[in-house]
Structures are given as C-alpha cells and as structure tokens.
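When the letters of the sequence shown are read in order and numbered with this note's numbering, they come out as residues 1 to 106.
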Amino acid sequence: ERIRDDNVNVLIDTTGYTMNMQTEVFAIGPSPVQVQFHGFPGTMGSEFIHYLASDRYSSPPDHADQFSERLMLLPHTYLTNDHRQSRREVFIKGSDPIHGHQPTRQ
C-alpha cells in the first residue's frame, strides 16, 4: 500500500531469487513498471517483473525469447566484481581465500 500511495512509478528489485529476497512485494504489483537489476543475473520467470537490466553477455539478445522480462541491455557489463573484495567484512587480516590462508571470521 505504501508504494502505491507514494505513486512509485518504477520499482527496482535488487535481489531477485537470492538471500533476503522480497519477491512477494513485487508479486502484488505495487508499481506500474517493475525491474530486476543486479542481484540475480537470470530471468525471474514471472509476469510481475517487466524488465531485466542486464548486458549482452549475461542475457544474449538472441535468447530474449527465453526471458519472461523485456531485456534492457546496458552498453557494457551490468555487474563488476572483484573476488578479492568479495565479502571482505569476514576477513580480519589480508588473506585472500583463493590464493592465501584461510580467512579468520570476526
């Protein structure tokens, strides 16, 4: 109700089918345009997500018919990542979990 009352025209889901998802909010369709971006690099396979913000590598235009969403392709990559900075809050001192010692959790 709050989203509708605030007249939110575009609602962006940044989790998709990942941890702490709020898919049920999008399922009730509180906004006229609903977009999936960043959190889940594939189709949601639902009628309530209208667009998928992605790139031509993760969502090749030749496979657009396999997505329930309309593809909104960014010019470069939609997601940059660096494994050395991933989940760095679990490390106390500079160990790389792939190349170095086991991380120490806080």
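No residue lacks a Cβ here, since even glycine has one placed at the ideal position from N, Cα and C.
Asked	Found
Environment of E69 [buried if 16+ CB atoms lie within 10 Å]	buried
N9 in three-state terms, based on DSSP	coil
Supposed contact pair Y51 and T77 - C-beta distance, whole angstroms, cut 8 angstroms	About 17 angstroms; that fails the 8 angstroms criterion.
Three-state secondary structure (DSSP) of Q66	helix
Chain-order list of residues whose beta-carbon lies under 6 angstroms from that of I12 (same chain, five-residue window excluded)	V35 and F37
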